[in-house]
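The letter at position 203 of the sequence shown is residue 350 when you use our numbering, and the numbering goes up by one with no holes.
To start, the structure under review is shown below, and the notes come after it.
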Amino acid sequence: AMVTATCRGATACRWNARRRVCAGAFPRSYAEVSLQVQESAWKAIQDGNRLLEVEFPPCALDAVEGDEEGMREANRNVQHVHAIASKMASGLDGGKEKIRVMFADRTEFQVATEGSSGFDQVDAVEPTFDEWSGRLGWLTDPSFLTESGLGALFGMENKVRERLEEDDEMLVMAMPSFSINEMMAVADAWNVFAEERHVPVIVINGSLDRIRSGYYPAFWSRKENQFLRETFVPKFQTVYYIHNFKGSKPAVLFRAYPGPWQVLRRHKDGSMQLVHEQDSMPSLQEVALEILPRTA
Numbered sequence: 148a149m150v151t152a153t154c155r156g157a158t159a160c161r162w163n164a165r166r167r168v169c170a171g172a173f174p175r176s177y178a179e180v181s182l183q184v185q186e187s188a189w190k191a192i193q194d195g196n197r198l199l200e201v202e203f204p205p206c207a208l209d210a211v212e213g214d215e216e217g218m219r220e221a222n223r224n225v226q227h228v229h230a231i232a233s234k235m236a237s238g239l240d241g242g243k244e245k246i247r248v249m250f251a252d253r254t255e256f257q258v259a260t261e262g263s264s265g266f267d268q269v270d271a272v273e274p275t276f277d278e279w280s281g282r283l284g285w286l287t288d289p290s291f292l293t294e295s296g297l298g299a300l301f302g303m304e305n306k307v308r309e310r311l312e313e314d315d316e317m318l319v320m321a322m323p324s325f326s327i328n329e330m331m332a333v334a335d336a337w338n339v340f341a342e343e344r345h346v347p348v349i350v351i352n353g354s355l356d357r358i359r360s361g362y363y364p365a366f367w368s369r370k371e372n373q374f375l376r377e378t379f380v381p382k383f384q385t386v387y388y389i390h391n392f393k394g395s396k397p398a399v400l401f402r403a404y405p406g407p408w409q410v411l412r413r414h415k416d417g418s419m420q421l422v423h424e425q426d427s428m429p430s431l432q433e434v435a436l437e438i439l440p441r442t443a
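Structure, rendered in structure tokens:
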């Protein structure tokens, strides 16, 4: 017999007829997120995975997309990338010297290394990576032609390979989520460099669910959309994932590799209840329309 149980703090637990089983602990802070990402990612790499997905809300662990102003989300994202990349580098023989953080485009790279004054103090962005001793780069250099999809007609190629070095030991892709061109650049880095060298590629907050769900219009870069959705994104191992569902009975979909996918109910007193788990990744629609109503 199996029943769910409510636990205080970060750990959701369940009981079977023989023993109490505690599921992977939901993080209580972003410091714990960084540690859990480090542990989960290295376990996945040791198991032979080289394309890794990390996805979590950047401003609050119970937030959903759009809860915070865009600049603040971007700023927090860069801070999280710095923390995670620093921890991942500790497992490399070359340390930070051999890990490369790739920002989505040249502008985001400049903001991360130089900062931005913004329109007021609230919008100001600190140069999080100004003293980073590792390697940096960017995935795309957007223009009207590249973003409109016309670049290919004029033979314009994104030469991401030129921004990589032969002895790069790990690539951390920071938020390639604004357009499919950014994820196509990730695919290029994998195809022309990382795959044959067995270099791990970690995509942090790349919003891969948008590609999985068909978020981008079919008529917009149809060939690229199809390649990402059917060929490239399915190759990823999701090593760390937090997605919140709001409403009168809020919940969260959580996974820390190699553990199962868990649906946790949030209660007003701060406790969390494990109501469902499975080995494969459920779609967000499945969680919202099937799992949560069934476990209400």
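From the three backbone atoms N, C-alpha and C, an ideal C-beta is built for every residue, glycine too.
In this text, all values refer to a predicted model and were calculated from it rather than measured experimentally.
- What span of residues does the alpha helix (DSSP H) with residue 232 cover, start to end? Walking along the sequence shown from the start, residue 232 turns up at place 85. Element bounds for residue 232: 217–236.
- Query: Residue ranges of each beta strand (DSSP E) run of no fewer than 3 residues wholly in the segment 319–396, ordered along the chain?
  - Reply: With a minimum length of 3 residues, the continuous beta strand (DSSP E) runs that stay inside the segment 319–396 are 348–351 and 384–392.
- Query: Do the segment 232–248 and the segment 275–290 make contact, defined as three or more Cβ pairs closer than 8 Å?
  - Reply: Output reads yes: the segment 275–290 touches the segment 232–248.
- Message: Check for me: the alpha helix (DSSP H) holding residue 260 runs from which residue to which?
- Response: Along the sequence shown, read from residue 1 onward, the residue named residue 260 stands at position 113. First-last of the alpha helix (DSSP H) with residue 260: 253–261.
- Query: Does the Cβ-Cβ distance between residue 173 and residue 401 come in under 9 Å?
  - Reply: The count along the sequence shown starts at 1 and reaches residue 173 at position 26. The count along the sequence shown starts at 1 and reaches residue 401 at position 254. Cβ atoms of residue 173 and residue 401: closer than 9 Å.
- From residue 342 to residue 395, what does the alpha carbon distance come to, in whole angstroms? In the sequence shown, residue 342 corresponds to position 195, counting from 1. In the sequence shown, residue 395 corresponds to position 248, counting from 1. Put simply, the backbone Cα of residue 342 is about 45 Å away from that of residue 395.
- Task: Starting from the C-beta of residue 316, find all residues in its chain whose C-beta is less than 7 Å away, skip the five residues before and the five after it, and write them out in chain order.
- Result: The count along the sequence shown starts at 1 and reaches residue 316 at position 169. For residue 316, where only same-chain residues beyond five positions count, the Cβ hits under 7 Å are 239, 241, 245, 246 and 346.
- Message: Helix, strand or coil for residue 241? Go by DSSP, reduced to three states.
- Response: Locating residue 241 in the sequence shown gives position 94, counting from the first residue. Assignment of residue 241 by DSSP, reduced to helix, strand and coil, places it in the coil class.
- Beta-bridge pairing of residue 428 - partner residues as DSSP gives them: Counting from 1 along the sequence shown, the entry for residue 428 is found at position 281. Residue 428 is not bridged to any residue.
- Item | For residue 272, three-class secondary structure by DSSP | Taking the first residue of the sequence shown as position 1, residue 272 is located at position 125. In the structure shown, residue 272 falls within a strand segment according to DSSP collapsed to helix, strand and coil.
- Query: With distances taken between CB atoms, is the gap from residue 325 to residue 285 smaller than 9 Å?
  - Reply: Position 178 of the sequence shown holds residue 325. Position 138 of the sequence shown holds residue 285. Going by C-beta atoms, residue 325 is not nearer than 9 Å to residue 285.
- What is the DSSP secondary structure of residue 311, reduced to helix, strand or coil? Start at 1 with the first residue of the sequence shown, and residue 311 comes out as number 164. Annotated three-state conformation of residue 311 is coil, per DSSP.
- Query: For residue 338, is the classification buried or exposed, using 16 other Cβ atoms within 10 angstroms of its Cβ as the cut-off for buried?
  - Reply: Position 191 of the sequence shown, counting from 1, holds the residue named residue 338. Label assigned to residue 338: exposed.
- Query: Exposed or buried, what is residue 378 when buried is set at 16 or more other beta-carbons lying within 10 Å of its beta-carbon?
  - Reply: The residue you call residue 378 lines up with position 231 of the sequence shown. Result: exposed.
- Query: Got a sec? Which residues, its chain only, sit under 8 Å from residue 191 by beta carbon, not counting five neighbours each side?
  - Reply: For the purposes of this step, residue 191 is taken as the residue at position 44 of the sequence shown. Contacts found: 199, 384, 386, 404 and 405.
- Message: Can you tell me whether residue 248 is helix, strand or coil according to DSSP?
- Response: Against the sequence shown, residue 248 aligns to sequence position 101. Of the three classes helix, strand and coil, the one that applies to residue 248 here is strand, per DSSP.
- Task: Excluding the 5 residues preceding and the 5 following residue 224 in the sequence, name in chain order all residues of the same chain whose CB lies nearer than 6 Å to its CB.
- Result: Numbered from 1 along the sequence shown, position 77 holds the residue referred to as residue 224. For residue 224, the CB contacts under 6 Å within the same chain, skipping 5 residues up- and downstream, are 205, 322 and 352 in chain order.
- Task: Given a cut-off of 9 Å, decide if residue 336 and residue 348 are closer than it, judged by their beta-carbon atoms.
- Result: Here residue 348 refers to the residue found at position 201 of the sequence shown. Here residue 336 refers to the residue found at position 189 of the sequence shown. Yes; because the gap between Cβ atoms is below 9 Å, this pair is in contact.
- Message: Which same chain residues end up closer than 7 Å to residue 288 when comparing Cβ atoms and leaving out the 5 residues on each side of it in sequence?
- Response: Locating residue 288 in the sequence shown gives position 141, where the first residue counts as 1. The residues are 252 and 253.
- Item | Bridge partners - residue 401, DSSP secondary structure assignment | Position 254 of the sequence shown, counted from the first residue, corresponds to residue 401. Under DSSP, residue 401 shares a beta bridge with 389 and 409.
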